[in-house]
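Numbering (our numbering), first residue to last: 28 to 87. Glycine residues also receive a C-beta, built at the ideal position from the N, C-alpha and C atoms. Keep in mind it's a predicted model, so treat the numbers as computed, not measured. Taking it in order: structure first as structure tokens, then the write-up.
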């Protein structure tokens with residue numbers, strides 16, 4: 028925005044840059060959500076707590 032205000036960037040370039048920033052931000056949060064969903068699905072399927080390195084059930 029500062030470069031636009033100083034006249035070094037056109038409004039079109041500024042708009043494109045802001046759209047790319049917003050798209051990348053959404054992609055980042057989508058990837059983060061997918062990561063955690065996969066992590067907890069793996070945890071549920073294996074019944075293993077990877078953080079604490081222990082089973083999620085008591086073996087007899």
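Check whether the Cβ atoms of residue i and residue j sit closer than 7 Å, and answer yes or no.
i	j	result
residue 69	residue 83	no
Rounded to a whole number of angstroms, what is the C-alpha to C-alpha distance between residue i and residue j?
i	j	result
residue 49	residue 87	52 Å
residue 56	residue 76	24 Å
residue 52	residue 58	10 Å
residue 47	residue 64	25 Å
residue 32	residue 60	36 Å
residue 29	residue 54	25 Å
residue 38	residue 62	36 Å
residue 42	residue 35	14 Å
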